[in-house]
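There are 2 protein chains.
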Amino acid sequence: MRVLLIEDDISLADGTVKALRRAGYAVDHAATGKEGRRYFEAGQLDILILDLGLPDIDGLVLLRELRQLQTGVPVLILTARDALTDKVSGLDAGADDYLTKPFAFEELLARIRVLSRRNTPAREPELKIGNVLINIASHEVQLDGEVQKLSRREFAILRALADRPGQVFSREQLEEKLYSWGDEVTSNTVDVHVHNLRKKLGHTLIKNIRGVGFILGSTE
Amino acid sequence: MRVLLIEDDISLADGTVKALRRAGYAVDHAATGKEGRRYFEAGQLDILILDLGLPDIDGLVLLRELRQLQTGVPVLILTARDALTDKVSGLDAGADDYLTKPFAFEELLARIRVLSRRNTPAREPELKIGNVLINIASHEVQLDGEVQKLSRREFAILRALADRPGQVFSREQLEEKLYSWGDEVTSNTVDVHVHNLRKKLGHTLIKNIRGVGFILGSTE
DNA sequence: TATTTTCCTTAAGTTTTTCTTAAATATGGC
DNA sequence: GCCATATTTAAGAAAAACTTAAGGAAAATA
């Protein structure tokens, strides 16, 4: 776990660095905004601790700059200023937490522990069959990069087939996926939807097994 | 954005609830730990604000219990106790932030804004989708550089969608972000607000996925 | 507090998209 | 060629989404 401390007050910085090292963090220290920016750009940071009262650059300005870089590094702001507006604008500039001097090392460490247990959210579930990419959430399907919108029924059929590529589904089985109990249908709806699906996704994807049903052709 | 406040001091709770609602949050309020736990288990929470000095359950104990549930809901602890050990153990028990009474509503709102960024992929205070720039803090939205004034509800919907661009939100999900418990709505409000949003921000930004819901479309 | 203004919710009307149906055409197996 | 099954087409019905307007609620202003 690598921490960068940007702080110009040497004695405070020394104490903080020591406390952090003792707690097991790898710590870099920069005394000016410029230097800090170099460290930030260079390194694999896990957490940034930033003093707002720097000699060369306004801390808030620096913070916004660093945020532009789009890294997701959590930032904890550290400052003597106790004014409410500073806190608020610091947080709104992209800081994740705020600590006013003087502070206890214990509390700093606790807040860093909070910041470091950040978890990254899971990605969108997507399904890929051959050259067809299915986005479950948006009901969108990409065929060789081209986006196609599917209707609800079309999507339901494709999804059923895609659940088990290579397995044949009878019309009755597919209808069961589409209609709730009591909603039965007495026409060739499934065929029509399959037809429309093929129009959108090409004629090789969904194959028909005569007398049996439909199958998602994974191979060939 | 849905917030649960667990706080037994009625007058403080009232003021806080009002301030939060005015800021566009859907707020539920519980006066006891037990009640709070029920709300917590029931709902689609985005943020929990928890007072440590509850009459029936020790706040820290409750916090640990709720953490067991493994929901990723950010927790902000609120308390009169100013002792360092309390802060530290609060944070280590799974809180994400800490505010000591008395506090300014402004700061509470700022910290909530930070927490609400937490579970979203883009943690920038400003979000850009196509030619639309969204500033969460100031409730300001720009279309091609031109500032558009959004109403509270419009902004709440846009923010919910913007939290996860590319994810579809059903009308029910959006309503949950807008209304507190007991405030439910039985009309097409969401549609109307979406319509007004599109009038202000153009018709390509918010896409509808028929039968599913709405989605913030970045491309096309 | 009273007044004005803005905003929110409803609900009904309109438009657009999708679904079902049924009939016409095509295809495969015998 | 004949029958059964599959595909295509088109049209009306149904469903979902969009639009509009009005009355009431909430917020802002005086």
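Chains as they are written, first to last, in the numbering used here: chain A, 1 to 220; chain B, 1001 to 1220. Idealized CB from N, CA, C, for every residue including glycine.
| Check | Outcome |
| --- | --- |
| Supposed close pair aspartate 97/A, arginine 113/A - CB separation, criterion 8 Å | Going by Cβ atoms, the distance from aspartate 97/A to arginine 113/A rounds to 11 Å, so no, they are not a contact pair. |
| Glutamate 172/A, enclosing beta strand (DSSP E) - first and last residue | Counting along the chain, glutamate 172/A falls outside any beta strand (DSSP E), though it belongs to the alpha helix (DSSP H) covering 171 to 178. |
| Alpha-carbon to alpha-carbon, valine 190/A and proline 1074/B | 46 Å |
| Cβ neighbour criterion (16 or more within 10 Å) applied to histidine 193/A | buried |
| Beta carbon proximity, valine 75/A to chain B, threshold 7 Å | no |
| Cβ-based neighbour list, alanine 255/A, same chain, cut-off 8 Å, excluding 5 preceding and 5 following | The requested residue 255/A is not part of the displayed model; chain A covers only 1 to 220. |
| CB contact below 7 Å: isoleucine 1215/B versus chain A | yes |
| Exposure label - alanine 1030/B; buried when at least 16 CB within 10 Å | buried |
| Selected residue, minimal CA-CA separation from leucine 161/A, among Gly213/A, Ala137/A and Lys87/A | Gly213/A |
| Beta carbon proximity, glycine 1059/B to chain A, threshold 7 Å | no |
| Closer than 7 Å to chain B by CB, aspartate 92/A | yes |
| CB contact flag (aspartate 1046/B, arginine 1002/B, <7 Å) | yes |
| Burial state of glycine 15/A (16 or more Cβ within 10 Å) | exposed |
| Length of the line joining the Cα atoms of lysine 1200/B and glutamate 1126/B | 18 Å |
| CB of aspartate 1028/B within 7 Å of CB of tryptophan 1181/B, strictly | yes |
| 8 Å Cβ shell around aspartate 56/A - same chain, five flanking residues per side excluded | Thr32, Gly33 and Lys34 |
| 7 Å Cβ cutoff, histidine 222/A in contact with chain B | Residue 222/A is absent from the structure shown; chain A starts at 1 and stops at 220. |
| Buried/exposed call for arginine 123/A, threshold 16 Cβ in 10 Å | Note that arginine 123/A has pLDDT 45, beneath the 50 cutoff, so the model's placement of it is unreliable and the number below is only indicative. The residue is exposed, with fewer than 16 neighbouring Cβ atoms inside 10 Å. |
| From Leu1069/B, Arg1153/B, Ala1137/B and Asp1144/B, residue whose alpha carbon lies closest to that of arginine 1021/B | Arg1153/B |
| Assigned secondary structure, lysine 1149/B (DSSP; H/G/I helix, E/B strand, else coil) | strand |
| Residue span of the alpha helix (DSSP H) that contains asparagine 208/A, given as start and end | Premise fails: asparagine 208/A lies in the beta strand (DSSP E), 206 to 209, not in any alpha helix (DSSP H). |
| Under 7 Å between C-beta atoms of threonine 1204/B and aspartate 1163/B | no |
| Straight-line gap, leucine 52/A to aspartate 1183/B (C-alpha atoms, nearest Å) | 42 Å |
| is_contact[lysine 199/A, chain B] using C-beta, thresh 7 Å | no |
| Top-ranked residue by Cα proximity to phenylalanine 40/A, from Gly145/A, Ala13/A, Gln68/A and Gly24/A | Gln68/A |
| Under 7 Å between C-beta atoms of valine 1168/B and serine 170/A | no |
| Contacts of aspartate 51/A in chain B (Cβ-Cβ under 9 Å) | The contacting residues do not exist; aspartate 51/A stays about 18 Å from chain B at best. |
| Cβ neighbours of glutamate 220/A in the same chain (closer than 7 Å, five flanking residues each side left out) | Note that glutamate 220/A has pLDDT 47, beneath the 50 cutoff, so the model's placement of it is unreliable and the number below is only indicative. Correct list: empty, nothing qualifies. |
| Segments of 4+ residues assigned as alpha helix (DSSP H) that fall wholly inside the region 74 to 116 of chain A | 84 to 92 and 105 to 116 |
| Contacting residues, own chain, Cβ-Cβ under 8 Å from glutamate 1175/B (five flanking each side not counted) | Glu1184, Val1185, Thr1189 and Val1190 |
| Which listed residue (Asp144/A, Leu216/A, Lys207/A and Gly145/A) has its alpha carbon closest to that of proline 165/A | Leu216/A |
| Chain B contact residues for aspartate 96/A, given Cβ-Cβ distances below 7 Å | Val1114 |
| Buried or exposed by the 16-neighbour rule on C-beta atoms within 10 Å, applied to isoleucine 1157/B | buried |
| Per-residue burial, threonine 1071/B [other beta carbons within 10 Å of its own, 16 or more giving buried] | exposed |
| Nearest-angstrom Cβ-Cβ length linking glutamate 107/A and valine 1088/B, presumed shorter than 8 Å | 6 Å |
| Limits of the unbroken alpha helix (DSSP H) element including glutamate 1065/B | 1059 to 1068 |
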